[in-house]
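Everything on this sheet refers to the single structure shown next.
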Amino acid sequence: MHEKGINSTFKKLIYESAEMVFLTDDSYPYAIFYSNQSFENQIGESLDDRSLVGMGMDISDFIFSEEVRFSYAGDEFDFQIELPQDSSVNYFLFYKGEKVRDQGLPTKREFELFLMESAEAQFVLKPGGEVFLVNKEALRILGFGDEEGFSHFREIEAYFVDSKQWGFWINEAIANPVPHKFSSILRLLPDIKLELEVVAKQVKLDSNQYIIFSLKDITEKVTLERNLVDSGRFLMNLTEQVPGGLYQLVLDGEGKMSFSFLSKGIAQVLGLSPEEMENITDISTAISKIHPLDLPQVITSSIASAKKQEPWQCQFRVKSDSEKDEYRWILGAASPQTLDNGDMVWYGY
521 MHEKGINSTF KKLIYESAEM VFLTDDSYPY AIFYSNQSFE NQIGESLDDR SLVGMGMDIS
581 DFIFSEEVRF SYAGDEFDFQ IELPQDSSVN YFLFYKGEKV RDQGLPTKRE FELFLMESAE
641 AQFVLKPGGE VFLVNKEALR ILGFGDEEGF SHFREIEAYF VDSKQWGFWI NEAIANPVPH
701 KFSSILRLLP DIKLELEVVA KQVKLDSNQY IIFSLKDITE KVTLERNLVD SGRFLMNLTE
761 QVPGGLYQLV LDGEGKMSFS FLSKGIAQVL GLSPEEMENI TDISTAISKI HPLDLPQVIT
821 SSIASAKKQE PWQCQFRVKS DSEKDEYRWI LGAASPQTLD NGDMVWYGY
């Protein structure tokens, strides 16, 4: 390989450099006459034509510049350039070369921009709690402005109801390198609290350990779930206190009728024991409580309600006490609804 009078010390330095370095003639097709191992590993070994032309480069792209970016084999590379300053120098020097994009993937700068501008709150800590990176959304959730920040998680631990949680999050992430989910409460002001879902995962880069965190404000979700639970409890208490009893009766596609819900008041209406209430599903137990003379009317009116899909209402006698042979009059009523699967449901009392 032509060496253009390069001394051995200089050759050794550039050959062992981790950054790519190569030199070319200063005349067309700008043949590469020297390159280091890093260049060979990433570009040179795949070159059929060892020249700038063979690499698809046009001298007009960099003749008045001190750096150049070019694409080769789907990757992008950045190089600093030293051009001839006088007639005694007859080569171009390309140095500090690095790959900035792999096969169309985002560059390091683009990755950092995507992370910083992500709609998901994210930050990266070192195992000791030192901050490596915090994006804008995380700063917003934690109550910081765009120009503010923190260098260690210890600086913001007081904002959390459980101020020592972060140490546990880090330890769990390091102990098992899978995503870990936690919940936490962030106290921004005495009367403002955020419910957070925290996800932590360990990442190793070379010999360094990092823990990537994502934060999600789930205050609205948690509040909604609590309201639903409270509403469910309210409705359950309401149904249990309503005089008489409430029920939900299902007629399936095969013609089988069964109860899918019975309030506690049904036990008093039909004289059922707690054990019978727990085990009652089909309607046979309820039918057995109806006066024999009233049973035909109950059945025919129920069939009419099903066929016409009209509300059902009927007065009949039931036996409320298994110990006594006595009956009492009750009024039953229900509204039918046809489900998407073809089943019919009556909601009644």
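Residues in the sequence shown are numbered consecutively from 521, following the working numbering. Note that the Cβ used here is the ideal one computed from N, Cα and C, for glycine as well.
Using only the alpha-carbon positions, how far apart do residue i and residue j sit?
i: N610; j: D726; result: 41 Å
i: P794; j: A787; result: 8 Å
i: L567; j: F664; result: 51 Å
i: F836; j: T805; result: 16 Å
i: I661; j: K619; result: 36 Å
i: S537; j: S555; result: 11 Å
i: I819; j: G791; result: 21 Å
i: M521; j: F553; result: Low per-residue confidence applies at M521: pLDDT is 40, beneath 50, and the placement is therefore not dependable, though the value from the model is reported in the following sentence. Cα-Cα distance, rounded: 6 Å.
i: P710; j: E640; result: 25 Å
i: K844; j: T743; result: 51 Å
i: G525; j: M577; result: Here G525 scores only 47 on pLDDT, less than 50, and its place in the model should not be relied on; the value that follows carries that caveat. Those two C-alpha atoms are separated by around 25 Å.
i: S825; j: I800; result: 23 Å
i: G862; j: S783; result: 25 Å
i: V718; j: E667; result: 24 Å
i: E774; j: F688; result: 56 Å
i: Q729; j: A695; result: 12 Å
i: L832; j: K741; result: The sequence given here places Trp at residue 832; Leu does not occur at that position. The straight-line gap from Cα to Cα measures roughly 40 Å.
i: Q722; j: Y535; result: 36 Å
i: I850; j: L813; result: 14 Å
i: S671; j: K656; result: 15 Å
i: S607; j: S591; result: 30 Å
i: R746; j: R589; result: 56 Å
Please name the residue in the options whose C-alpha comes closest to that of residue i.
i: G617; options: D682, K844, E657 and E602; result: E602
i: A551; options: E536, L613 and S607; result: L613
i: R707; options: K701, S683 and W689; result: S683
i: T739; options: I712, P856, E539 and G764; result: I712
i: A491; options: G764, Y847 and V541; result: Because residue 491 is not part of the residues shown, which for the chain are 521 to 869, the question remains open.
i: E637; options: P647, A658 and G773; result: A658
i: E798; options: L815, A695, S780 and Y869; result: S780
i: K724; options: P647, F702 and L744; result: P647
i: E846; options: D666, H811, V742 and D581; result: H811
i: S571; options: H700, D546, E843 and E539; result: D546
i: F702; options: F590, K736, G649 and Y592; result: K736
i: N561; options: H700, D569, L543 and E539; result: E539
i: Y867; options: Q829, I850, S591 and V838; result: Q829
i: T544; options: P604, S591 and V749; result: P604
i: A593; options: D606, G649 and G564; result: G564
i: D860; options: D772, K776 and V698; result: D772
i: G785; options: N747, Y869, L714 and I583; result: Y869
CB residue i to CB residue j, shorter than 8 Å?
i: F673; j: V644; result: no
i: L769; j: V865; result: yes
i: G669; j: V681; result: no
i: S704; j: L716; result: yes
i: G587; j: F597; result: Note on residue identity: the sequence assigns Glu, not Gly, to residue 587. Result no, Cβ atoms of E587 and F597 do not sit closer than 8 Å.
i: S881; j: I803; result: The requested residue 881 does not occur in the structure, where the chain is confined to residues 521 to 869.
i: I690; j: I732; result: no
i: A678; j: A720; result: no
i: F559; j: V573; result: no
i: L815; j: I823; result: no
i: R848; j: S840; result: yes
i: D595; j: R629; result: no
i: C834; j: Q857; result: no
i: F635; j: Q642; result: This sequence places Leu at residue 635; Phe is not what is there. Result yes, Cβ atoms of L635 and Q642 sit closer than 8 Å.
i: V789; j: V838; result: yes
Along the chain, where does the beta strand (DSSP E) that runs through residue i open and close?
i: A854; result: R848 to T858
i: S585; result: Run containing S585: none; DSSP gives neither H nor E here.
i: F542; result: M540 to D545
i: F559; result: Per DSSP, F559 belongs to no beta strand (DSSP E); it is in the alpha helix (DSSP H), Q557 to Q562.
i: F725; result: Sequence inspection shows Leu at residue 725; the Phe mentioned does not correspond to that position. Here the beta strand (DSSP E) through L725 covers I712 to L725.
i: N728; result: N728 to D737
i: I705; result: H700 to L709
i: F781; result: M777 to L782
i: Y767; result: Y767 to L771
i: G868; result: M864 to G868
What residue does the alpha helix (DSSP H) around residue i start on, and which one ends it?
i: L653; result: Element bounds for L653: not the alpha helix (DSSP H) but the beta strand (DSSP E), V651 to V654.
i: G687; result: Q685 to A695
Alpha helix (DSSP H) runs wholly inside the segment 789-834, at least 4 long, in chain order: 794-799, 804-807 and 815-828
Ranges of the alpha helix (DSSP H) found wholly within the segment 602-643, counting only runs of at least 4: 628-636
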